[in-house]
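Student: Residue numbers (our numbering), protein chains in the order written: chain A, 1 to 99; chain B, 1001 to 1405; chain C, 2001 to 2205; chain D, 3001 to 3975.
(1) Any beta carbon from chain A within less than 7 Å of residue 1298 of chain B's own beta carbon?
(2) Starting from the beta carbon of residue 32 of chain A, find every residue of chain D whose beta carbon is closer than 9 Å, and list them in chain order.
(3) Could you give the distance in angstroms between the alpha-carbon of residue 3293 of chain D and the alpha-carbon of residue 3358 of chain D?
(4) Contact between the segment 1337 to 1355 of chain B and the segment 1377 to 1397 of chain B: three or more CB pairs below 8 Å?
(5) Using the C-alpha atoms, what's the distance from residue 1393 of chain B back to residue 3871 of chain D?
(6) Counting contacts by CB-CB distance shorter than 7 Å, is residue 3234 of chain D in contact with chain A?
(7) So is residue 2100 of chain C buried or exposed if we call it buried at 16+ other beta carbons inside 10 Å?
(8) Contact criterion: CB-CB distance below 7 Å. Does residue 1275 of chain B meet it with respect to chain D?
(9) Work out the CA separation of residue 3127 of chain D and residue 3142 of chain D for me, nearest whole Å.
(10) Starting from the C-beta of residue 3465 of chain D, find all residues in its chain whose C-beta is less than 7 Å away, skip the five residues before and the five after it, and write them out in chain order.
(11) Please confirm if residue 2079 of chain C has its CB atom under 7 Å from at least one CB of chain D.
(12) Determine, for residue 2087 of chain C, whether the minimum Cβ-Cβ distance to residues of chain A falls below 7 Å.
(13) Looking at the unbroken alpha helix (DSSP H) that takes in residue 3987 of chain D, where does it start and where does it end?
(14) Measuring only the C-alpha atoms, how far is residue 3612 of chain D from residue 3618 of chain D?
(15) Does residue 3512 of chain D come within less than 7 Å of chain G when only Cβ atoms are used?
(16) Name the one or two DSSP bridge partners that residue 72 of chain A has.
(17) My output table needs one value for residue 1108 of chain B: the three-state DSSP class, helix, strand or coil.
(18) Pull up the distance between the alpha-carbon of residue 3778 of chain D and that of residue 2150 of chain C, whole angstroms please.
(19) Taking just the CA atoms, how far does residue 3019 of chain D sit from residue 3308 of chain D?
(20) Is there a Cβ from chain B that is less than 7 Å from the Cβ of residue 17 of chain A?
(21) May I have the straight-line CA-CA distance separating residue 3598 of chain D from residue 3820 of chain D, to the nearest angstrom?
(22) At least one CB of chain A closer than 7 Å to the CB of residue 1292 of chain B: is that the case?
(23) Whose C-alpha, out of D:3784, D:3812, D:3857, is nearest the C-alpha of residue 3834 of chain D?
(24) Closer than 7 Å between beta carbons: that is the criterion. Which residues of the segment 54 to 70 of chain A meet it against chain C?
(25) For the candidate residues B:1382, B:1167, B:1118, whose alpha-carbon lies nearest to that of residue 3931 of chain D?
(26) I believe residue 1212 of chain B touches residue 1132 of chain B by the beta-carbon criterion, under 8 Å. Please report the beta-carbon distance rounded to the nearest angstrom.
(27) Using a Cβ-Cβ cutoff of 9 Å, what residues of the segment 1031 to 1058 of chain B are near chain D? List them in chain order.
(28) Assign residue 3413 of chain D to buried or exposed, taking buried as 16 or more other Cβ atoms, counted over all protein chains shown, within 10 Å of its Cβ.
(29) Any beta-carbon of chain D closer than 7 Å to the one on residue 82 of chain A?
(30) Any residues in the segment 3676 to 3688 of chain D with a beta carbon nearer than 7 Å to a beta carbon of chain A? Which ones, in chain order?
(31) Sorted by chain position, which residues of the same chain lie with C-beta nearer than 6 Å to residue 3425 of chain D's C-beta, five sequence neighbours on each side aside?
(32) Alpha carbon to alpha carbon, how far is residue 2178 of chain C from residue 2126 of chain C?
(33) Under 8 Å, with one C-beta from each stretch per pair, do the segment 3440 to 3458 of chain D and the segment 3244 to 3253 of chain D reach the 3-pair mark?
(34) Going along the chain, which unbroken runs of the beta strand (DSSP E) with 3 or more residues stay wholly within the segment 3886 to 3957 of chain D?
(35) Assign residue 3662 of chain D to buried or exposed, taking buried as 16 or more other Cβ atoms, counted over all protein chains shown, within 10 Å of its Cβ.
(36) Let me know the secondary structure DSSP gives residue 3872 of chain D once reduced to three states.
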């Protein structure tokens, strides 16, 4: 049961949240301008790194706000949560211990 | 006194010296990688093969799965594919000369809502057309086949019926890996453990070798079968797969005298359970919903699953949880595996099995071996290529059945 | 041609009205007292307004205690009008004394500005859990930390209870309001009543 | 199995004056029946202490080899004593595979040993289980001296403390130890005072019989409290038998102690061979002597206190100390007259006729590891100490590093985890003085980390000095080096696995500990290798040349630490509390009409309303006829409803729906379909425009939450510049739909303010009004049946009143409540799609006959781009059509598979041509009909398809999607 720091509600159990996959993958400005391959790439392919990853989460049973998070996919540690639309904070890969 | 389990063969595999070049290198000595090597040797006469694993052979999801073998899928393409695998399982123990406790004990998949009943009928009737055995059971028929199931209306999600596949089976997972390893090793395949593939050597878009923690190996053909870590290997090779790695947990109880001679599944309340040969109840649930390589999940998933198990099978109430573990599984967008060529010439991949790779071990190995040997997919895996995510021709079992496979 | 319409309020039925007897009977008496009741027909109004916006200012101005600024805060009082913080730009005004005029007041204040005012008086009901053992009933039903120094009086948050989303509002020292959506009210009530049984007996540690 | 009492007729209970037994109450006796023997025990006894006290040593035979086995340990690490227990309570079922030393006796309990395999009770468990959620600043695991000292310190600093211990008593292994003194007081006094202080603190929870069995992310811990098993009487309903604690701790103090290990030697499994700590535990905790002539075998100093006790009692034969050089403790023992045989091992044992230990062969243990001269001792009991394994499970479960420590001769904490503190023998330290000191310091540090500073006050006790620990895990076989010479060197008693089994695995080519574990099943039993795992690794290290303990490493420690019942983990998630059941405000009206219900997601909805004597089919037919020919009413409250407000609401909806919303007029509604970005349908519904900047969206019942999240997702993450807000009002409104040619006559009586004339109140318009009874309402002309329909929405508080008012107003027209079954037929006749039934997540709107709802004009909407992918250009996509059986009375099941004529008799496998999404008996069509998803269906009108699962196969004709009133002439009702 991960403890997730909602930027608005503070620390809450993971079961209050829904996961929204990779962050910073915006909807294409003009989908019609993309080739089929480019559209398919946007549609079905997301990064799947081992280690730090910027992700989207929503505090579904709380404030219903989407936010971004940098999380370690091995230790599951949330290194940072930050508002949608702001850039990914620069976090060194081995920052802090496993919590 | 409990019956002794079958004896293992006296000798399993060689621990050979790593050579500097091979005709084919298989990355991943799990069930699929070992099976691929076996079928390369047996079907295609290609024996100058190394199977390389960063850990111990069969130590990934092969060692962690709940061993359910079935072919009752929703879509024609999936059913045909998995039924072919089930046919390969039937007789595999004799072919590999290893008693891995393959037991066709029947699978009951419960339906709890009108929608599930409708989907179950669709599944049963289409399975039969596609050559897989399937039946629809009323709640009373469920009770007759498997008396431990609670078919009372007094529970929150009463049983409204079930699909039944009599040929569905379980097997002793480790022993299947060892059986393939033993035969492959005997035919000359080198199984190289504790050696990690760290990169690929390429000439343009063509592979010419692999880099490992024990040096480079020259090869022009590489098969990747590293469920859970497919994206990482693909990235090293220079292409992307539409996979997310997630945790799937499973658990066992202590040993009991036989009470559950079949396999019982409920998608609606997320539980599947069988009783293994030694007597332990083996259970699995849904994947945890986020990307994860930690091979561990949240305990709330387990609690929910046990609550479901006790509702459906009240006599499990005072069984005890002995061990919970997690595996890292490949989740593909359509919950259907990917077996085929990749953008890199000479590299072939087998991935995306979700939580159901064990049942596909024979077909996964067989079709990957064929694809490697002929540089073309076999009839069985022609719909399962990576290209389908660019054309949209998904084999969308996830949407069609709402089940993660 | 409009007739004069009767006051319809006698026609109302709250989500737990039919369980009034059961709720009353569920009271655990003795040293570990805890009781449960429904507080029906409170006026509840959903407010959407972003802090710093004209709508937020305008709405805050017409509310006696303004709008709450952070998670857990309640602007106002439980026994009068309290405005609960739901999210940075979402609030729920709750008055256990009916305030039929309030929605129009707030709509007027919002005017054409960016935001939203919606009557949600039927959307949820209020279940009140009261007594020294109320805290222990909650300890069995919600993952929220309800320690008195953490969850202070007149604090309210969104959380889950019996795996169901609710608003949880501590209104007095030993009184808590649990506010599920209407269709979940029975489930929440059954769960709480079930959890209350043990407080009829001497406590087992 | 026939139990054999190895020693009978003798009480092994030591007089209270000598060893009172800290866990028992000698004033209260308890009658129990164990393995068929009825015996008297004391309150506080366990099954194994009761057995030993009454002279019974055998606890069943081993699982595969059938060898007699006895009690090994005094705690949860016991591998041999596994029981099926039935307690004499009103509401109980038997429980199997319980660990003997953990089962407290209750009056008239019946316990039977099992042979490694349990037998589940055949009935459901009527007892009650629950959860709690705890939020300590500091969680202390283990209430031995170190844990108590930690909790005391942390609580005095002002932290919220939870301290849990798996045993019935507090004080750990210290309990009952003679002569120990803390802070100048006898230990029992110190423990009692400490417990009293902790219990008196409101911010401390101190629980016994509570096992912390798992550690998870962010210091989430799971524990099980066994609350009532030790009580004779049935507890009242509501008091749980077991409680599952969910603990979110800020800081953790692990004071989990350590488990003693046996040593592997030939015939090391006989009843009478125990852990030395087991012998000490039974003596100090229960006042029970394990045997009459006792030898001790040790690699370390920990047995010498016990040796002294046994010598004083006159039951000690000798101490065999593996170490050639006598330690200080050994020298003291020698000085006290104890026979210490240094530099020696036990290399074999003999058995009595009944299989119990009768004697030991002691051999010199030479410097090269070979055996030297042997001597034989007749003993009935051998206490073994092969060293101590710190209980590091929770540390390891939390990914804490574990390393082999040569000094401790055990796997220890490699590196402290963040937010973890370690106290007592889990650190590898074994002296009481150190345990108390690092306990107090751990408690202070943990509390400090949560903002509660204090200076540690260390309770004072003798520091003690421990000599070195010998590195011995396996004694060579006296019979040579063949595999067969190791057939009775037991590594894992529970799994009945020997050194020979390990040799077979390595001989087959295995070199990994995981392979050997799996090949042999070592460490996979109930005890998860608590006593056996390290020895197994030791054996492997000896067999595999050049592999040290470190190289091989330990296998992963997995939760749970000890077995936990399924039903305890289910807690109160049973029966009706398993899941929420949502009901509408009109639910009791449906009940009063004897409705048969069905589940639609979490909602329970009326399926049909059978009248006396009616079959299901008759009831449904009657309901459809009423809606077609007269008037019907249905509770539609479960539909999702979302208010959208803002100047850009129309633009927002225009992006979300496949069709256009910019030009929708105020006062009107429009049907819309939502697709994912992949172009596949996932929800639908009618959206009303309440004002220029306000919309009222309907979603499917099951899709309400998903759609709201979908809207918020796109708004918050992509289009936040658009002025649009979304508020769920699903539960604010209850809705009754009145449908049928006579619908107008009914609604006219309810709302006299509204002009219901068809030209005044057109299809897809709505009116805000106050009903004549005073209820505010919105009435919309939306139809899901093709008949004239009005949906009346009112605040949910008035839902029941609305239902009753409609029923009353309609009584003159014989208004008929209809359920979901009838509605499904009515809409299918009109070709209206039910998302989730006629779609399965793979269909585009075009596939299901709704090309008309997909805008060709809009530059973009979510999903549009995907329609250019090759898959959408296929001409064999499954398309929704109607089908009519050639025999108009034929019925097939929903979901039935369809094949073409040429595939009907073709050998299997054949591909499906599609499937039936719903098949119905239609009164309006006077025949059966259905909807089906058929490959290329829209281009195959008139073709025949077959349902081959029926005998004979049912033949269908493919017909256009709309079967009834395709011209829509009935939409305005009767003229």
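Heads up, the beta-carbon is just placed ideally off N, CA and C, and yes, glycines get one too. Quick caveat: nothing in here was measured; it's all calculated off a predicted structure.
Tutor: Walking through what the data contain:
(1) yes
(2) 3859, 3860, 3864, 3865, 3868
(3) 10 Å
(4) yes
(5) Roughly 5 Å between the two C-alpha positions.
(6) no
(7) exposed
(8) False, the Cβ-Cβ gap to chain D never drops below 7 Å.
(9) Rounded to the nearest angstrom, the two C-alpha atoms are 28 Å apart.
(10) 3328
(11) no
(12) Residue 2087 of chain C counts as touching chain A.
(13) Summary: the structure shown does not reach residue 3987 of chain D, with chain D confined to residues 3001 through 3975, and so no result is reported for it.
(14) Straight-line Cα distance between these residues: approximately 11 Å.
(15) Annotation note: the requested chain G is absent from the structure, which comprises protein chains A, B, C and D.
(16) A:52
(17) strand
(18) C-alpha of residue 3778 of chain D to C-alpha of residue 2150 of chain C: approximately 44 Å in a straight line.
(19) 13 Å
(20) no
(21) 8 Å
(22) yes
(23) Considering only alpha carbons, the answer is D:3784.
(24) 61, 62, 63, 64, 65
(25) B:1118
(26) Not really, about 41 Å apart at Cβ, beyond 8 Å.
(27) 1055, 1056, 1057, 1058
(28) buried
(29) no
(30) Per Cβ criterion, the list reads 3677, 3678.
(31) 3257, 3258
(32) 6 Å
(33) yes
(34) 3897 to 3900, 3914 to 3922, 3927 to 3935, 3944 to 3947
(35) exposed
(36) helix
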